[in-house]
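Engineer: Read in order, the letters of the sequence shown are residues 1 to 271 in my numbering.
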Amino acid sequence: MQRLRLCFLIRALLWSAPSMLLPHSGAAQDAGNAGSAPSARTAFAPVPFKVGESLEFRLQAEWFLVRGHGTASLSVDALDTLRGNPTYRLSFRTKGGITVFKINDAQRSWLDARKLFSHRFEQKLDQTGYKKERTYEFFPGEMRFVSLENPADSGTLASAIPLDDVSFIYFIRTLPLKVGDEYTAARYYKRDGNPVTVRVLRTERIMLPAGEFDAVVVKPIIRTKGLFSEGGEAEVWFSNDARHIPLRVRAKVSIATLTMELKSVTAGPPQ
Numbered sequence: 001m002q003r004l005r006l007c008f009l010i011r012a013l014l015w016s017a018p019s020m021l022l023p024h025s026g027a028a029q030d031a032g033n034a035g036s037a038p039s040a041r042t043a044f045a046p047v048p049f050k051v052g053e054s055l056e057f058r059l060q061a062e063w064f065l066v067r068g069h070g071t072a073s074l075s076v077d078a079l080d081t082l083r084g085n086p087t088y089r090l091s092f093r094t095k096g097g098i099t100v101f102k103i104n105d106a107q108r109s110w111l112d113a114r115k116l117f118s119h120r121f122e123q124k125l126d127q128t129g130y131k132k133e134r135t136y137e138f139f140p141g142e143m144r145f146v147s148l149e150n151p152a153d154s155g156t157l158a159s160a161i162p163l164d165d166v167s168f169i170y171f172i173r174t175l176p177l178k179v180g181d182e183y184t185a186a187r188y189y190k191r192d193g194n195p196v197t198v199r200v201l202r203t204e205r206i207m208l209p210a211g212e213f214d215a216v217v218v219k220p221i222i223r224t225k226g227l228f229s230e231g232g233e234a235e236v237w238f239s240n241d242a243r244h245i246p247l248r249v250r251a252k253v254s255i256a257t258l259t260m261e262l263k264s265v266t267a268g269p270p271q
């Protein structure tokens, strides 16, 4: 049975740095190598989120006539320093499922606050019939990533400004997301996940447990198997404002439909 790994829904978000990423139909875009930056806080990249932000979701899974429920969350936990670089510590947690499938996953990413690329990716996956813990360290200057638990899973980075499953969803929030735009690039840290195309489809108003929102709907397409594979029906709703808060994720897989819907938002303290 195909595992319903919710971590796949983040792999859709793979494209270049904000200052270089312009809408381009059918053409790949890449920002090139990440350079050095001054240490001042004012040099941080502008982002629509801040430390302390927490998004809570209702998780639903449907398999034929069987329905299950759970919870999920996305949060900006802290501003850390990793190898001398200021980084946002991001978390993505999911718990729940249906009779034939349960999930209790925790994933974290360390996103560079200046250049918006990932320095570290950590997964603790606990799913029916599957458990895995792994930590990847990214070294863009050397174009390599290292698996701490399994050295054989180390390799060459696909980009000098890599992103992972969790950091992508925060990175996409920095983009314009105008209807009709299309983005194609290869920023996922492993080559077999690239390239990815993201199409901005439409705007609509939706009702969620957290309230009513104006949303912009995005369709991601990736070249690997999973929720966002070519020919799939996955869509992601973001708030149609400057914050681009993820509101809903819906995707069909071979045996189920998965839906995440926003329940509550904590903006975080003033900075």
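The beta-carbon is built from N, C-alpha and C at its ideal position, and this holds for glycine as well.
Using only CA atoms, which one of Asn194, Val146 and Leu74 lies nearest to Glu56?
Structural biologist: Within the sequence shown, numbered from 1, the residue matching residue 56 stands at position 56. Closest option to Glu56, judged by alpha-carbon separation, among Asn194, Val146 and Leu74: Leu74.
Engineer: Given this structure, state the Cα-to-Cα distance separating Ser147 from Thr197, to the nearest angstrom.
Structural biologist: Looking up residue 147 in the sequence shown gives position 147. Looking up residue 197 in the sequence shown gives position 197. Going from the Cα of Ser147 to the Cα of Thr197 covers about 27 Å.
Engineer: At the level of alpha carbons, what is the spacing between Pro23 and Leu201?
Structural biologist: Looking up residue 23 in the sequence shown gives position 23. Looking up residue 201 in the sequence shown gives position 201. At Pro23 the pLDDT is 42, less than 50, meaning the model places this residue with poor confidence and gives no usable figure here.
Engineer: Which same chain residues end up closer than 8 Å to Val66 when comparing Cβ atoms and leaving out the 5 residues on each side of it in sequence?
Structural biologist: If you number the sequence shown from 1, residue 66 lands on position 66. Contacts found: Ile98, Thr99 and Val100.
Engineer: Using the C-alpha atoms, what's the distance from Pro195 back to Thr184?
Structural biologist: Position 184 of the sequence shown, counted from the start, is the residue given in the question as residue 184. Position 195 of the sequence shown, counted from the start, is the residue given in the question as residue 195. Taking the straight line joining both Cα atoms gives about 7 Å.
Engineer: How would you call Lys115, buried or exposed, if buried means at least 16 neighbouring beta carbons within 10 angstroms?
Structural biologist: Along the sequence shown, one-based indexing puts residue 115 at 115. Buried: at least 16 other Cβ atoms inside 10 Å.
Engineer: Fully enclosed by the region 66-131, which beta strand (DSSP E) runs are 3 residues long or longer?
Structural biologist: Runs of the beta strand (DSSP E) inside the region 66-131: 66-82, 85-98, 101-112 and 118-127.
Engineer: For Ser248, count the other beta carbons within 10 Å of its own beta carbon; 16 or more makes it buried, fewer makes it exposed. Which is it?
Structural biologist: Here the question's residue 248 lines up with position 248 in the sequence shown. For the record, residue 248 in the displayed sequence is Arg; it is not Ser. That one is buried.
Engineer: So, helix, strand or coil for Pro38, using DSSP?
Structural biologist: For the purposes of this step, residue 38 is taken as the residue at position 38 of the sequence shown. Residue placement at Pro38 cannot be trusted, given a pLDDT of 40 that sits under 50; the coordinates are not used to answer.
Engineer: Below 8 Å between beta carbons: does that hold for Thr94 and Gly70?
Structural biologist: On the sequence shown, residue 94 is found 94 positions in, with the first residue counted as 1. On the sequence shown, residue 70 is found 70 positions in, with the first residue counted as 1. It is a contact, given that the beta carbons lie within the stated cut-off.
Engineer: How big is the Cα-Cα spacing for Gly268 and Met143?
Structural biologist: Here residue 268 is taken as the residue at index 268 of the sequence shown, counted from 1. Here residue 143 is taken as the residue at index 143 of the sequence shown, counted from 1. Using only the alpha carbons, I get a separation of about 34 Å.
Engineer: Is Asp181 helix, strand or coil when you go by DSSP?
Structural biologist: The residue you call residue 181 lines up with position 181 of the sequence shown. Coil, per DSSP.
Engineer: Given Glu133, which residues of its chain have a CB within under 6 Å of its CB, disregarding the five upstream and five downstream residues?
Structural biologist: In the sequence shown, residue 133 corresponds to position 133, counting from 1. Its chain contains Lys124 as the residues whose beta carbon lies nearer than 6 Å to that of Glu133, once the 5 sequence neighbours on both sides are disregarded; these appear in chain order.
Engineer: Can you say whether Ala264 is buried or exposed, counting buried as having 16 or more other CB atoms within 10 angstroms of its CB?
Structural biologist: As a first step, residue 264 must be located in the sequence shown, where it is residue number 264. Residue identity differs from the one stated: residue 264 is Ser in this sequence, not Ala. Classification of Ser264: exposed, given that the 10 Å Cβ count is below 16.
Engineer: Grab me the residues of Thr203's own chain with a C-beta within less than 8 Å of its C-beta, minus the 5 sequence neighbours each way, in chain order.
Structural biologist: By 1-based counting over the sequence shown, the position of residue 203 is 203. If you ignore the 5 residues before and after Thr203, its C-beta comes within less than 8 Å of the C-beta of Val179, Asp214, Ala215, Val216, Val217 and Asn240, all in its own chain and listed in chain order.
Engineer: Of the residues Phe138, Leu82, Ala242 and Met260, which one's Cα is nearest the Cα of Thr174?
Structural biologist: For the purposes of this step, residue 174 is identified with residue 174 of the sequence shown, where counting begins at 1. If we check each option's Cα against that of Thr174, Ala242 comes out closest.
Engineer: With a cut-off of 8 Å, does the C-beta of Ile169 fall near any C-beta of chain D?
Structural biologist: Absent from the structure: chain D. Only one protein chain is present.
Engineer: Spatial neighbours of Arg250 within its chain, please: C-beta separation below 6 Å, excluding the five flanking residues on both sides.
Structural biologist: As a working mapping, residue 250 is identified with position 250 in the sequence shown. Cβ neighbours of Arg250 beyond the five flanking positions: Glu235 and Thr259.
Engineer: With H, G and I counted as helix, E and B as strand and the rest as coil, what does DSSP make of Pro220?
Structural biologist: Here residue 220 refers to the residue found at position 220 of the sequence shown. Strand.
Engineer: Is the separation between the beta-carbon of Tyr170 and that of Leu111 shorter than 8 Å?
Structural biologist: The residue given as residue 170 occupies position 170 in the sequence shown. The residue given as residue 111 occupies position 111 in the sequence shown. With a cutoff of 8 Å on beta-carbon distance, Tyr170 and Leu111 are scored as near each other.
Engineer: Starting from the Cα of His119, find the closest Cα among Tyr130, Pro48, Thr81 and Asp126 and give me that residue.
Structural biologist: In the sequence shown, the residue the question calls residue 119 occupies position 119. It is Thr81 whose Cα lies nearest to the Cα of His119.
Engineer: Kindly give me the distance between the Cβ atoms of Leu157 and Pro140, rounded to whole angstroms, as I take these residues to be in contact under 8 Å.
Structural biologist: Here residue 157 corresponds to residue number 157 of the sequence shown, with the count starting at 1. Here residue 140 corresponds to residue number 140 of the sequence shown, with the count starting at 1. The Cβ separation is near 6 Å, so the contact holds.
Engineer: Would the beta-carbon of Leu79 fall within 8 Å of that of Val166?
Structural biologist: If you number the sequence shown from 1, residue 79 lands on position 79. If you number the sequence shown from 1, residue 166 lands on position 166. In this structure, Val166 does not lie closer than 8 Å to Leu79 by Cβ.
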